[in-house]
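Have a look at the structure below, then the notes.
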Amino acid sequence: FDLGSGRFMAADSAAEITRRCWEHEFNEVERWTNYLKNI
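So my numbering is basically just the index in the sequence shown, starting at one, shifted up by 1.
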């Protein structure tokens with residue numbers, strides 16, 4: 002985890018796939034949270 006950017010750093014190509022999945026899931030949670038706060 003890189004504290005400066007707030008992102009996970011992948012150690013290899015398999016970890017990169019997992020990191021992308023986690024980022025996608027986080028973006029979905031953030032999107033729904035913003036939506037629900039603003040309706």
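A virtual CB, placed ideally from N, CA and C, is assigned to each residue, including glycine.
Source: prediction; values computed, not measured.
Practice task
Kindly identify the DSSP beta-bridge partner or partners of D3.
Solution key: For the purposes of this step, residue 3 is identified with residue 2 of the sequence shown, where counting begins at 1. Looking at the DSSP assignment, D3 forms a beta bridge with R8.
Problem - Delimiting residues of the alpha helix (DSSP H) encompassing I40 - result: Numbered from 1 along the sequence shown, position 39 holds the residue referred to as residue 40. Counting along the chain, I40 falls outside any alpha helix (DSSP H), and DSSP gives it neither H nor E.
Practice task
Verify whether the separation of the beta carbon atoms of R20 and F9 is less than 8 Å.
Solution key: Here residue 20 is taken as the residue at index 19 of the sequence shown, counted from 1. Here residue 9 is taken as the residue at index 8 of the sequence shown, counted from 1. Cβ atoms of R20 and F9: closer than 8 Å.
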